[in-house]
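Asker:
Protein chains: 2
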Amino acid sequence: MEQLDKEWIKDVMDISEKELTPKQAKIVEAAIEIFSEKGFAATSTSEIAKQAGVAEGTIFRHYKTKKDLLISIVMPVISKFAVPFLAEKFLLEVFGDEEFENFDALLRKLIYNRYEFVKKNVQLLKILIQEMAYHSEIQESFKNVFVNISLPKFQSAIKMLREKDQLVDFPTETMLRLAVTTIVGFLITRFIIMPDYDWEDEKEIEYTIQFIRNGLKDIK
Amino acid sequence: MEQLDKEWIKDVMDISEKELTPKQAKIVEAAIEIFSEKGFAATSTSEIAKQAGVAEGTIFRHYKTKKDLLISIVMPVISKFAVPFLAEKFLLEVFGDEEFENFDALLRKLIYNRYEFVKKNVQLLKILIQEMAYHSEIQESFKNVFVNISLPKFQSAIKMLREKDQLVDFPTETMLRLAVTTIVGFLITRFIIMPDYDWEDEKEIEYTIQFIRNGLKDIK
DNA sequence: AATGGAAGTGAGTAATCACTCACATAAAGT
DNA sequence: ACTTTATGTGAGTGATTACTCACTTCCATT
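Chains as they are written, first to last, in this note's numbering: chain A, 524 to 743; chain D, 524 to 743.
(1) Let me check understanding here. Comparing Cα to Cα, which of ILE728(D), THR581(D) and ILE550(D) lies closest to TYR635(D)?
(2) Strictly below 8 angstroms CB to CB, what residues from chain D border GLN653(A)?
(3) Mind listing which residues of the segment 728-742 of chain A have their C-beta closer than 9 angstroms to chain D's C-betas, in chain order?
(4) From the DSSP output, read off the bridge partner residues of LEU690(D).
(5) Nearest-angstrom Cα distance between LEU633(A) and ILE711(A)?
(6) Near PHE563(D), what residues of its chain come up, given a Cβ to Cβ distance below 6 angstroms and the 5 sequence neighbours on each side ignored?
(7) Beta-carbon within less than 8 angstroms of ALA574(A)'s beta-carbon, same chain only, minus the 5 sequence neighbours each way: which residues are those?
(8) Taking Cβ-Cβ distances below 9 angstroms as the criterion, which residues of the segment 570-601 of chain D are in contact with chain A?
(9) Taking 8 angstroms as the threshold (beta carbon to beta carbon), is LYS546(A) in contact with chain D?
(10) Return the first residue and the last residue of the alpha helix (DSSP H) that GLY562(D) is part of.
(11) Please determine if the segment 568-582 of chain A and the segment 634-648 of chain A are in contact, where contact requires at least 3 C-beta pairs separated by less than 8 angstroms.
(12) If distances are taken between C-alpha atoms only, which option among ASN667(D), ILE681(D), LYS726(D) and VAL691(D) comes closest to GLU696(A)?
(13) Quick one: is TYR720(A) buried, meaning 16 or more other Cβ sit within 10 Å of its Cβ, or exposed?
(14) Among the residues of its own chain, which have a CB less than 7 angstroms from the CB of GLU622(A), if the five just before and after it don't count?
(15) For the segment 674-734 of chain D, list the alpha helix (DSSP H) runs that are entirely contained and at least 4 residues long, ordered along the chain.
(16) Are three or more beta carbon pairs between the segment 598-613 of chain D and the segment 647-664 of chain D nearer than 8 angstroms?
(17) Would you identify the three-state DSSP class for LEU543(A), choosing helix, strand or coil?
(18) Are LEU699(A) and PHE734(D) touching if we call contact CB-CB under 8 angstroms?
(19) Counting along the chain, where does the alpha helix (DSSP H) carrying ASN636(D) start and finish?
(20) Between LEU684(D) and chain A, is there a C-beta pair that is closer than 8 angstroms?
(21) Could you tell me whether any Cβ in chain D is nearer than 8 angstroms to the Cβ of THR712(A)?
(22) Could you name the residues of the segment 554-566 of chain D whose beta carbon sits closer than 7 angstroms to any beta carbon of chain A, in the order they occur along the chain?
(23) Taking SER673(D) and PHE714(D) to be in contact with their CB atoms under 8 angstroms, please state how far apart those CB atoms are, rounded to whole angstroms.
(24) Please classify LYS587(D): does DSSP put it in a helix, a strand, or coil?
(25) Counting only C-beta atoms, is THR705(A) closer than 8 angstroms to chain D at any point?
(26) Under 7 angstroms between beta-carbons, which chain A residues line up against ARG700(D)? List them in chain order, please.
(27) In angstroms with no decimal places, state the Cα-to-Cα distance between ILE661(D) and ALA605(A).
(28) Following the continuous alpha helix (DSSP H) through ALA575(A), name the residue where it begins and the one where it ends.
(29) Report the rounded CA-to-CA distance for GLU542(A) versus ILE732(A), giving the unit in angstroms.
(30) So, are the CB atoms of PHE677(A) and TYR730(D) less than 8 angstroms apart?
(31) Can you tell me which of THR581(A), THR566(A) and LEU630(A) puts its alpha carbon nearest to the alpha carbon of LYS546(A)?
(32) With a threshold of 8 angstroms between beta carbons, is PHE604(D) in contact with chain A?
(33) For THR695(A), would you say it is in contact with chain D, using Cβ-to-Cβ distances shorter than 8 angstroms as the test?
(34) Just tell me which of GLY576(D), ALA548(D), LEU629(D) and LYS603(D) has its CA closest to the CA of LYS643(D).
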């Protein structure tokens, strides 16, 4: 992995944990790298310690169990996931004043925002996605954030769009599902399944926006 | 898990392995269940043996290593994944003779076909998806099947549709990506993320078809 | 300078791991 | 009936696991 710019790790972490000792930071850094490469269950604490350049005991000085370390890594990612939806600016910026193409603008803003987020946090998101399947606490925490923060914003966005633009007569949840899976599908394909493909990101994003817009537009 | 109808396991297996001894079948059955619940790395051979009601040594009589057992479970799923694309009937049935709405018909056929496949094989697909992330042999085998079997069929289908219907001017790979992620997104949401939600499958499938069709239709 | 608490250590521990092997049994071929 | 081969067993193996603990080192406060 690249040496420079490990700042983002601290950046993500300090939502919940304020200050990490240098060795603790090294532990988190090593854990993220190995967890994302081999998976949580296949990673041993001795390996993390070795990679971090600390004694194995040091891990357990800061984290009660190995799973505790995982949780402390994964939970802040869930918080960060919801951040753009918490910003009131997010919706206001789009529906503010001028009359430009609302639907496209909203989608473009959302996609570029999440595009940068995923780009910055591929390793962490890999861990989150993988381990969500096996740890119900993570599942529930994610569900809470989504249902309470993201979902309402999405729903009110669709409601506003329904008035301004002419949208197809699908249930709101269905429209949401289609839009979200298309965006998430793009990001997963782009950064996880085929990260080495020669992507023309701006073009692909515009195609994706057009696909969703037309797919949800009411066609007489 | 349900007791009845464990036939599908044998059904999937016997693509590569012809006959399993009763105890071997029990081992495979138990392994599938535990792998899909806890993940490959977190599952011990002693647990599999216990659940299967055999001695631990019996596992290694039939499979050289624990990973061997995983591979023998996962590989046939990849084969089965490609089956509908191998059948020449598949495309012929859709583009055969009459002039009905080609695009919708093709999508509907494809989605219902994969819907049934996923419904039957959720556990196996969970294992495949999860372990693909960590085992490069599985990755490569899947990639081979996709690139050599599924992809060409998709591409020729899009080519044929481009002539008959009016499709948007996206690159073929982009159209493919959008359609595939939408379908896969639906199936994963339906069977893995929210299997307990009160789905109205036929309606959701029709919405999904309409979404893809309009999303890829050329709008003047 | 003395003290106390936090940070860091690494040898040690019981449990569990994947896997082996000598042996028992069953089935099949001659 | 006899031999061979395939199937199944479970106690046993060394390696590795997550985690502990008595100890040292460091540093801030008195």
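A virtual CB, placed ideally from N, CA and C, is assigned to each residue, including glycine. Computed from a predicted structure; not experimentally measured.
Answerer: On the basis of the supplied data:
(1) Along the second sequence, read from residue 1 onward, the residue named residue 635(D) stands at position 112. Considering only alpha carbons, the answer is ILE728(D).
(2) Working through the first sequence from its first residue, we reach residue 653(A) at position 130. GLN653 and ALA656, listed in chain order.
(3) Answer set for the segment 728-742 of chain A: TYR730, THR731, GLN733, PHE734, ILE735, ARG736, ASN737, GLY738, LEU739, LYS740 and ILE742.
(4) Here residue 690(D) refers to the residue found at position 167 of the second sequence. LYS740(D).
(5) Within the first sequence, numbered from 1, the residue matching residue 633(A) stands at position 110. Within the first sequence, numbered from 1, the residue matching residue 711(A) stands at position 188. Cα to Cα, the separation comes out at about 15 angstroms.
(6) Translated into positions along the second sequence, residue 563(D) becomes position 40. Excluding positions up to five away in sequence, the list reads LEU593 and GLU654.
(7) Here the question's residue 574(A) lines up with position 51 in the first sequence. Just to set this straight, residue 574(A) is Gln in the shown sequence, not Ala. Closer than 8 angstroms at the Cβ level, and outside the excluded window around GLN574(A), lie ALA553, GLU556 and ILE557.
(8) none
(9) Counting from 1 along the first sequence, the entry for residue 546(A) is found at position 23. For LYS546(A), the answer is no, since every Cβ of chain D falls outside 8 angstroms of its Cβ.
(10) Working through the second sequence from its first residue, we reach residue 562(D) at position 39. Taken as a continuous stretch (DSSP letters only), GLY562(D) belongs to no alpha helix (DSSP H), as it is neither H nor E.
(11) Too few Cβ pairs lie closer than 8 angstroms, so no.
(12) As a working note, residue 696(A) is residue 173 in the first sequence. Residue LYS726(D) is the option with its Cα nearest to GLU696(A).
(13) Within the first sequence, numbered from 1, the residue matching residue 720(A) stands at position 197. Looking at its Cβ environment, which holds fewer than 16 other Cβ atoms inside 10 Å, TYR720(A) is exposed.
(14) On the first sequence, position 99 is the one that residue 622(A) refers to. The predicted position of GLU622(A) is uncertain, since its pLDDT is 49 and thus under 50; no value can be drawn from it.
(15) 674-687 and 695-711
(16) Yes, the segment 598-613 of chain D is in contact with the segment 647-664 of chain D.
(17) Residue 543(A) sits at position 20 when you count from the first residue of the first sequence. Under the three-state reduction of DSSP, LEU543(A) is assigned to coil, being neither helix nor strand.
(18) Position 176 of the first sequence, counted from the start, is the residue given in the question as residue 699(A). Position 211 of the second sequence, counted from the start, is the residue given in the question as residue 734(D). The answer is no: Cβ separation not under 8 angstroms.
(19) Numbered from 1 along the second sequence, position 113 holds the residue referred to as residue 636(D). It spans 625-643 - the alpha helix (DSSP H) in which ASN636(D) sits, taken as one unbroken run.
(20) Locating residue 684(D) in the second sequence gives position 161, counting from the first residue. Answer no: the Cβ-Cβ gap between LEU684(D) and chain A never drops below 8 angstroms.
(21) Translated into the one-based positions of the first sequence, residue 712(A) becomes position 189. Output row for THR712(A): interface = yes.
(22) Answer in chain order: LYS561, GLY562, ALA564 and ALA565.
(23) Within the second sequence, numbered from 1, the residue matching residue 673(D) stands at position 150. Within the second sequence, numbered from 1, the residue matching residue 714(D) stands at position 191. Their Cβ separation, rounded to whole angstroms, is 19 angstroms, which puts SER673(D) and PHE714(D) out of contact at 8 angstroms.
(24) Locating residue 587(D) in the second sequence gives position 64, counting from the first residue. In the structure shown, LYS587(D) sits in coil (DSSP, three-state: anything other than H, G, I, E or B).
(25) Position 182 of the first sequence, counting from 1, holds the residue named residue 705(A). Answer yes: the Cβ-Cβ gap between THR705(A) and chain D drops below 8 angstroms somewhere.
(26) Stepping through the second sequence from its first residue, residue 700(D) is reached at position 177. Under the 7 angstroms cutoff, chain A gives THR712.
(27) The residue labelled residue 661(D) in the question sits at position 138 within the second sequence. The residue labelled residue 605(A) in the question sits at position 82 within the first sequence. Cα to Cα, the separation comes out at about 33 angstroms.
(28) Here residue 575(A) refers to the residue found at position 52 of the first sequence. 568-575 is the extent of the alpha helix (DSSP H) around ALA575(A).
(29) If you number the first sequence from 1, residue 542(A) lands on position 19. If you number the first sequence from 1, residue 732(A) lands on position 209. Roughly 40 angstroms between the two C-alpha positions.
(30) On the first sequence, position 154 is the one that residue 677(A) refers to. On the second sequence, position 207 is the one that residue 730(D) refers to. Going by C-beta atoms, PHE677(A) is not nearer than 8 angstroms to TYR730(D).
(31) In the first sequence, counting from the first residue as 1, residue 546(A) sits at position 23. Per the Cα distances, THR581(A).
(32) Here residue 604(D) refers to the residue found at position 81 when the second sequence is read from its first residue. It does not; no Cβ of chain A falls within 8 angstroms.
(33) The sequence position of residue 695(A) within the first sequence is 172, counting from 1. No, THR695(A) does not count as interfacial toward chain D.
(34) Numbered from its first residue, the second sequence carries residue 643(D) at position 120. The shortest Cα separation from LYS643(D) among GLY576(D), ALA548(D), LEU629(D) and LYS603(D) belongs to LYS603(D).
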